[in-house]
Amino acid sequence: MVVRTVTLPRLARTDFENRLVLALMQDGGAVRAEARCASLPTKPFSAIKPERVAWLWPARIPLGKLTLIAGDPGLGKSMLTAYIAAAISTGRTWADGTHAPAGDVLIVNLEDGQADTTRPRLDAAGADVTRVHAGDLVRQPDGALRCMTLADVQPIADALERMPKP
47 MVVRTVTLPR LARTDFENRL VLALMQDGGA VRAEARCASL PTKPFSAIKP
97 ERVAWLWPAR IPLGKLTLIA GDPGLGKSML TAYIAAAIST GRTWADGTHA
147 PAGDVLIVNL EDGQADTTRP RLDAAGADVT RVHAGDLVRQ PDGALRCMTL
197 ADVQPIADAL ERMPKP
């Protein structure tokens with residue numbers, strides 16, 4: 047299990063933070079107990095063989111890698127996400143003139159409302175919203191839904207696999 051701690055300094059407590067706190071409190075605090083027992087194995091970079099990187103957006107977004115867009119409120123993170131989704135969903139060129147591959151997009155956003163914020167931004171950016179998908183809840187084995195957490199990498203990967211391939 048991977049445990050991550052996220053600190054959002056100087057920010058009012060948002061819906062995202064509330065969901066994160068609830069996720070950390072699941073299972074009677076088991077997540078926090080495991081975090082105290084964790085260790086961090088290390089190795090020198092001399093033991094790591096460099097690999098070439100394939101790019102979704104050259105020199106900006108690597109293909110097949112986790113990309114986080116983070117920053118203080120009001121800096122345009124959601125607008126940048128809408129722009130990226132629009133470029134990929136329509137297959138148009140990026141701002142630097144390179145070509146964006148056409149494909150489907152999964153947006154996992156626990157901070158903004160899908161109907162009142164994300165969808166209008168996608169429309170304004172010119173996204174093909176039939177190719178942009180929203181994800182924020184995870185269905186558990188018993189059928190119940192819960193908020194997605196940073197530990198839900200596999201459900202995200204599964205959702206991506208179910209999307210149409212270009």
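Just so it is clear: in the sequence shown, position 16 is 62 by our numbering, and no numbers are missing. Just so it is clear, CB atoms sit at the ideal spot from N, CA and C, and this is done for glycine as well. What you are looking at is a predicted structure, and each value in this text was computed from that prediction instead of being measured.
- Straight-line spacing of the CA atoms in Asp158 and Thr164 works out to 7 angstroms.
- Non-local C-beta neighbours of Ala197 in its own chain, meaning closer than 6 angstroms and more than five positions away in sequence, are absent.
- Counting every other CB atom within 10 Å of its CB across the protein chains shown gives Ser135 a total of 16 or more, marking it as buried.
- Within the model, the alpha-carbon separation for Gln160 versus Ala180 is close to 8 angstroms.
- Within the DSSP secondary-structure output, Leu183 pairs in a beta bridge with Cys193.
- In the structure shown, Leu168 falls within a helical segment according to DSSP collapsed to helix, strand and coil.
- When Leu156, Leu152, Met194, Asp174 are compared, the shortest CA-CA separation from Arg208 is found for Leu152.
- When DSSP states are grouped into helix, strand and coil, Ile107 belongs to the strand group.
- A straight-line Cα-Cα distance of about 16 angstroms links Ala132 and Ile115.
- Secondary structure at Thr88: coil, using DSSP grouped into helix, strand and coil.
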